[in-house]
Amino acid sequence: MLIGHVKEIVRYPVKSFYGESVEKTKVMNYGLYGDRSHAYLDESRPGKYLTITQFPEMVMYKAGFMGEENENMFPPVRITTPDGRRIPWDNKELLKEMEEHSSRKITPVKYSPAHVPEGAIEEENILLVTDASLQRMKELWGKDKLDFQRFRPNLVISLLRDEPFIEESWFGKTMKIGSVEIQVKRHCERCMIITVDPESGKRDPSCLHKKVISERDNHFGVYSSVRKTGEISAGDEVYLFD
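Mapping the sequence shown onto the working numbering, position 225 (from 1) lands on 218, and the numbers just tick up by one.
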């Protein structure tokens, strides 16, 4: 059954940095190509990554791949800093700046295009939200604008029928996008990250998180796992079947 089309494709080359919107990308067995493939280990918490939870201003740093997708080696990752500098993701001055601002010692780590461990993503392969749910959540929150980047999805689906939160009825079903198939698995349970404004890096005092808790049982968006790899493009039709 045709349910809509892909409105946005977003990957996060560096964990907890601002997402990169792309027109098309490969879908690997771990999710979108290069998603959370680069990260910073938080040396104060062995085995853990530095994230927006510890350092909210991370979301103001924008990461993007500079080059074509290569399944043998990632293209260079360039960071655009909040003050407009464009530098490599492992630039020594950038690392020093982040350590000073976060008050933590960090170590850059990157994975192979063939396999990004689930630990870097922490949940399922792909997180998706719908335009109808975003619009309804904005209304519930009572604001003029709700940046979808607060929820850090990989896919924003534009629905044919305006049915907010309909994605919560898709668990166990398969979604086909282009040559790709993913299985919708479960709710995404939310944390304080959604309270951070992606533009300013500041916590929002109006408590979006409290509204998601009270109105949606702390759920927004759904997780999916990859069943069939391939390539997807913005504008691709989205089909759902049992």
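For glycine and all other residues, C-beta sits at the position ideal for the given N, C-alpha and C.
Leaving out five residues on either side along the sequence, give the residues of the same chain with a beta carbon under 7 Å from the beta carbon of residue i.
{"i": "glutamate 16", "result": "Ser226, Ala227"}
{"i": "lysine 98", "result": "Glu36, Ser37, Glu92"}
{"i": "glutamate 208", "result": "Leu133"}
{"i": "methionine 185", "result": "Thr46, His202"}
Check the C-beta distance from residue i over to residue j and give it rounded, since I have them as a contact under 8 Å.
{"i": "isoleucine -4", "j": "tyrosine 216", "result": "The pair is not a contact, with the Cβ atoms about 18 Å apart (cut-off 8 Å)."}
{"i": "serine 218", "j": "asparagine 118", "result": "5 Å"}
{"i": "lysine 66", "j": "proline 101", "result": "Residue identity check: residue 66 is methionine in the sequence provided, not lysine. 16 Å between Cβ atoms; not a contact."}
{"i": "phenylalanine 10", "j": "methionine 59", "result": "Phenylalanine 10 to methionine 59, Cβ: 14 Å. No contact."}
{"i": "lysine 221", "j": "glutamate 174", "result": "4 Å"}
{"i": "glycine 257", "j": "glutamate 13", "result": "The structure shown does not extend to residue 257, since the chain spans only -6 to 235, so no value can be given for it."}
So the alpha helix (DSSP H) residue i belongs to, where does it begin and stop?
{"i": "aspartate 124", "result": "124 to 134"}
{"i": "histidine 94", "result": "85 to 95"}
Indicate the three-state DSSP secondary structure (helix, strand or coil) for residue i in the structure shown.
{"i": "leucine 201", "result": "helix"}
{"i": "glutamate 1", "result": "strand"}
{"i": "arginine 209", "result": "helix"}
{"i": "isoleucine 45", "result": "coil"}
{"i": "arginine 220", "result": "strand"}
{"i": "serine 162", "result": "helix"}
{"i": "phenylalanine 10", "result": "coil"}
{"i": "glutamate 174", "result": "strand"}
{"i": "glutamate 182", "result": "strand"}
{"i": "valine 109", "result": "coil"}
{"i": "valine 20", "result": "strand"}
{"i": "valine 52", "result": "helix"}
{"i": "arginine 143", "result": "helix"}
I need the boundaries of the beta strand (DSSP E) containing residue i, first residue and last residue.
{"i": "serine 193", "result": "Where serine 193 is concerned, there is no enclosing beta strand (DSSP E), given that its DSSP letter is neither H nor E."}
{"i": "methionine 59", "result": "Careful: methionine 59 lies outside any beta strand (DSSP E) and carries neither H nor E."}
{"i": "leucine 233", "result": "230 to 234"}
{"i": "aspartate 28", "result": "Per DSSP, aspartate 28 belongs to no beta strand (DSSP E) and is neither H nor E."}
Only counting the same chain, and skipping five residues up and downstream in sequence, which positions put a Cβ closer than 6 Å to that of residue i?
{"i": "histidine 248", "result": "One cannot answer for residue 248 here, as it falls past the ends of the chain, which runs -6 to 235."}
{"i": "glycine 194", "result": "Pro49, Glu50, Val52, Met53"}
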